[in-house]
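A.B. asks: Numbering (my numbering), first residue to last: 2 to 376. Yeah, the Cβ is synthetic: ideal placement off N, Cα and C, and Gly gets one too. Model, not experiment: these values are computed from the prediction.
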Amino acid sequence: MGQRVGIIGGGQLARMMIAPAVELGIDVRVLAEVPDMAASLAATAIGDYRDVDTVLAFARDVDVVTFDHEHVPQEVLRALVGAGAAVHPGPDALRFAQDKLQMRAQLDALGLPQPEWAPISSAADLQAFLDAHGGRAVVKTPRGGYDGKGVRVVTAAGDVDDWLGERAAADPLLAEELVDFTRELAQQVARRPSGEMAVYPVVETVQRDGVCAEVIAPAPHATGRLAPVAAGIGRAIAEGLAVTGMLAVELFETADERLLVNELAMRPHNSGHWGQDGAMTGQFEQHLRAVLDLPLGDPAPRAPWAAMINILGGPVSASLGDRLSDALAAHPTVKVHTYGKAPRPGRKVGHVNAWGDDLDAVVYEARAAAAFFGG
């Protein structure tokens with residue numbers, strides 16, 4: 002019998018770990034929040050990931066616990082560790098992905114480049130930050146935000162009064178300088194408990210309405226200094242925070258060619274979906290290898306270029322399956338990945354991967370295939 006990996010969370014990231022687990026002979030089990038989630042194929046339990054007893058019961062039948070998301074509370078994570086479960090990434094690492102204020106403080110301690118920032122407990126705090134940063138800033142809720150949620154661009158001290166009114170002074174918001182970036186990048190690193198790391202090529206990400214829409218791998222014009230600097234930042238964070246599994250570091254590139262850390266994810270990440278088909282070892286297989294402390298696979302690309310286009314929203318009048326045949330017939334060189342989720346405006350319901358020798362052709366094929374699944 003193969004090793005048993007328990008994944009907390011039944012979303013598409015857990016779903017996409019199932020196929021490589023089967024190939025490696027790994028027994029994947031999923032604790033899904035509700036029935037019929039994206040990873041229901043491997044759901045062996047349904048329950049609340051915030052409930053200690055539910056999570057402890059799930060963990061008894063697996064060798065390693067890992068995650069589809071970072072929202073499992075610290076008290077639950079520490080109860081798992083206290084019960085002797087192998088948890089990857091562990092609570093001491095995950096807290097920096099769960100709390101952006103803790104992340105910013107720790108990255109400062111590691112000497113890594115990031116936007117200027119400050120905790121905000123009052124309108125006066127925010128006004129002082131605005132005054133020091135040209136009258137504009139980004140304010141974030143430290144916990145729980147994703148895909149643009151819990152993020153506001155502000156120009157006045159009263160722009161987050163509703164958020165401040167819901168919080169105690171001991172539970173501040175995060176203010177960051179509004180970075181004048183030229184593009185957004187992402188650097189992925191895999192690290193296993195024994196310390197081995199595998200570094201993927203830095204990629205360019207395109208966001209629309211706070212949601213990742215496209216990824217180009219590797220990032221164009223990333224030769225020379227940029228690629229090794231991004232890789233060095235990824236390595237430093239993975240080692241400095243003792244991350245186990247996949248780590249994604251979202252980065253801003255500025256006009257003067259600086260790289261600043263935006264956010265972190267300690268799990269497979271949208272910026273790495275291209276690697277399912279475009280890398281020697283995709284992020285979903287790599288994450289399983291890493292959390293089980295197996296030798297890591299080669300992260301090198303299979304072709305000079307790869308592109309990933311998210312299917313956002315999906316068709317309103319038909320299922321993705323109804324459009325699949327037409328998309329595959331028109332674009333037989335792409336790979337389409339669907340998540341088994343009902344269409345909804347802005348929702349990630351699948352993605353398309355393409356790869357090859359010519360960047361323009363690769364991007365065209367991926368975009369054109371994804372267009373078949375539009376609303």
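Out of Leu42, Gly83 and Ala44, which has the shortest C-alpha to C-alpha gap to Leu57?
C.D. replies: Nearest option by C-alpha distance: Gly83.
A.B. asks: Under DSSP, the alpha helix (DSSP H) around Pro229 begins and ends at which residues?
C.D. replies: Segment Leu227 to Gly241, the alpha helix (DSSP H) holding Pro229.
A.B. asks: Any idea what DSSP makes of Ala98, helix, strand or coil?
C.D. replies: Three-state result, Ala98: helix.
A.B. asks: In three-state DSSP terms, what is Gly288?
C.D. replies: The residue asked about is misnamed: residue 288 is His in this sequence, not Gly. His288 falls in the helix class under three-state DSSP.
A.B. asks: Give me, in chain order, the residues of the same chain whose beta-carbon lies closer than 6 angstroms to that of Arg105; leave out the 5 immediate sequence neighbours on both sides.
C.D. replies: If we look at Arg105 and ignore the five residues flanking it on each side, its Cβ neighbours are Trp118.
A.B. asks: Looking at the unbroken alpha helix (DSSP H) that takes in Phe59, where does it start and where does it end?
C.D. replies: Val53 to Ala60 is the span of the alpha helix (DSSP H), which, as asked, contains Phe59.
A.B. asks: When DSSP labels each residue in this structure, what does Asp361 get in the three-state scheme?
C.D. replies: Note: Asp361 maps to helix in three-state DSSP.
A.B. asks: Starting from Arg79, trace the beta strand (DSSP E) in both directions and tell me its first and last residue.
C.D. replies: It is not in any beta strand (DSSP E) - Arg79 instead sits in the alpha helix (DSSP H) that spans Gln75 to Gly83.
A.B. asks: Enumerate in chain order the residues of its own chain whose CB-to-CB distance from Ser272 is below 7 angstroms, with the five nearest sequence positions on each side excluded.
C.D. replies: Closer than 7 angstroms at the Cβ level, and outside the excluded window around Ser272, lie Ala187, Gln189, Val204, Thr206, Cys213, Val216 and Ala249.
A.B. asks: What separation, rounded to the nearest whole angstrom, lies between the Cα atoms of Val66 and Val29?
C.D. replies: Looking at the two C-alpha atoms, the distance is approximately 10 angstroms.
A.B. asks: Are there 16 or more other CB atoms within 10 angstroms of the CB of Val54, so buried, or fewer, so exposed?
C.D. replies: One detail in the question is off: residue 54 reads as Asp in this sequence, not Val. Exposed.
A.B. asks: Using the Cα positions of Val363 and Ala331, report the straight-line distance between them to the nearest angstrom.
C.D. replies: Using only the alpha carbons, I get a separation of about 14 angstroms.
A.B. asks: Counting only the same chain and skipping the five closest in sequence on each side, list residues whose C-beta sits under 6 angstroms from that of Ala370.
C.D. replies: Excluding sequence neighbours, Ala370 sits near Ala328, His332, Val335 and Val353.
A.B. asks: Please list the terminal residues of the continuous alpha helix (DSSP H) segment that includes Gln13.
C.D. replies: First-last of the alpha helix (DSSP H) with Gln13: Gln13 to Leu25.
A.B. asks: Return the residue from the list Trp164, Ala301 and Val6 that minimises the CA-CA distance to Val23.
C.D. replies: Comparing Cα positions, the closest option is Val6.
A.B. asks: Given this structure, state the Cα-to-Cα distance separating Phe59 from Gln99, to the nearest angstrom.
C.D. replies: Between Phe59 and Gln99, the C-alpha separation is close to 22 angstroms.
A.B. asks: Grouping DSSP H, G and I as helix and E and B as strand, with all else coil, what is Arg368?
C.D. replies: If DSSP states are grouped into helix, strand and coil, Arg368 belongs with the helices.
A.B. asks: Is the beta carbon of Ala291 sitting closer than 8 angstroms to the one on Thr339?
C.D. replies: No, the Cβ-Cβ distance between Ala291 and Thr339 is not below 8 angstroms.
A.B. asks: Between which two residues does the beta strand (DSSP E) containing Asp28 stretch?
C.D. replies: Taken as a continuous stretch (DSSP letters only), the beta strand (DSSP E) holding Asp28 covers Asp28 to Ala33.
A.B. asks: Where Arg184 and Met247 are concerned, what is the direct C-alpha to C-alpha distance, given to the nearest angstrom?
C.D. replies: Near 23 angstroms, if we compare the C-alpha coordinates of Met247 and Arg184.
A.B. asks: Quick check: what's the CA-CA separation for Leu175 versus Thr142?
C.D. replies: Going from the Cα of Leu175 to the Cα of Thr142 covers about 6 angstroms.
A.B. asks: Identify, in the order they occur along the chain, each residue of the same chain with its Cβ nearer than 7 angstroms to the Cβ of Arg51, setting aside the five sequence neighbours on each side.
C.D. replies: Contacts found: Pro74 and Val77.
A.B. asks: What three-state label does DSSP hand Val161 in the structure shown?
C.D. replies: Here Val161 sits in helix by DSSP.
A.B. asks: Can you tell me where the beta strand (DSSP E) holding Arg268 begins and where it ends?
C.D. replies: First-last for Arg268: undefined, no H or E at that position.
A.B. asks: Under the rule that 16 or more other beta-carbon atoms within 10 Å means buried, what is Gly166, buried or exposed?
C.D. replies: Looking at its Cβ environment, which holds fewer than 16 other Cβ atoms inside 10 Å, Gly166 is exposed.
A.B. asks: On the three-pair Cβ rule with 8 angstroms, is the segment 293-306 touching the segment 222-234?
C.D. replies: With a cut-off of 8 angstroms, the segment 222-234 and the segment 293-306 do not count as touching, because too few Cβ pairs lie within range.
A.B. asks: Hey, would you say Arg192 sits closer than 8 angstroms to Ala239, going by beta carbons?
C.D. replies: It is a contact, given that the beta carbons lie within the stated cut-off.
A.B. asks: Whose CA, out of Leu102, Val161 and Ala280, lies closest to the CA of Ala125?
C.D. replies: With distances taken between Cα atoms, Ala125 lies closest to Val161.
A.B. asks: Pick out whichever of Ala39, Ser41 and Val35 has its Cα sitting closest to the Cα of Gly48.
C.D. replies: Checked all of Ala39, Ser41 and Val35; the closest Cα to Gly48 is Val35.
A.B. asks: Given 7 angstroms as the limit, tell me if Val139 has its C-beta closer than that to any heavy atom belonging to the ligand NAD.
C.D. replies: The ligand NAD is absent from the structure shown, which contains no ligand whatsoever.
A.B. asks: Express the C-alpha separation of Lys101 and Val155 in angstroms, rounding to a whole number.
C.D. replies: Taking the straight line joining both Cα atoms gives about 18 angstroms.
A.B. asks: Let me know the secondary structure DSSP gives Phe130 once reduced to three states.
C.D. replies: Helix at Phe130.
A.B. asks: State the start and end residues of the unbroken alpha helix (DSSP H) segment that holds Arg5.
C.D. replies: Not the alpha helix (DSSP H): Arg5 falls in the beta strand (DSSP E), residues Arg5 to Ile9.
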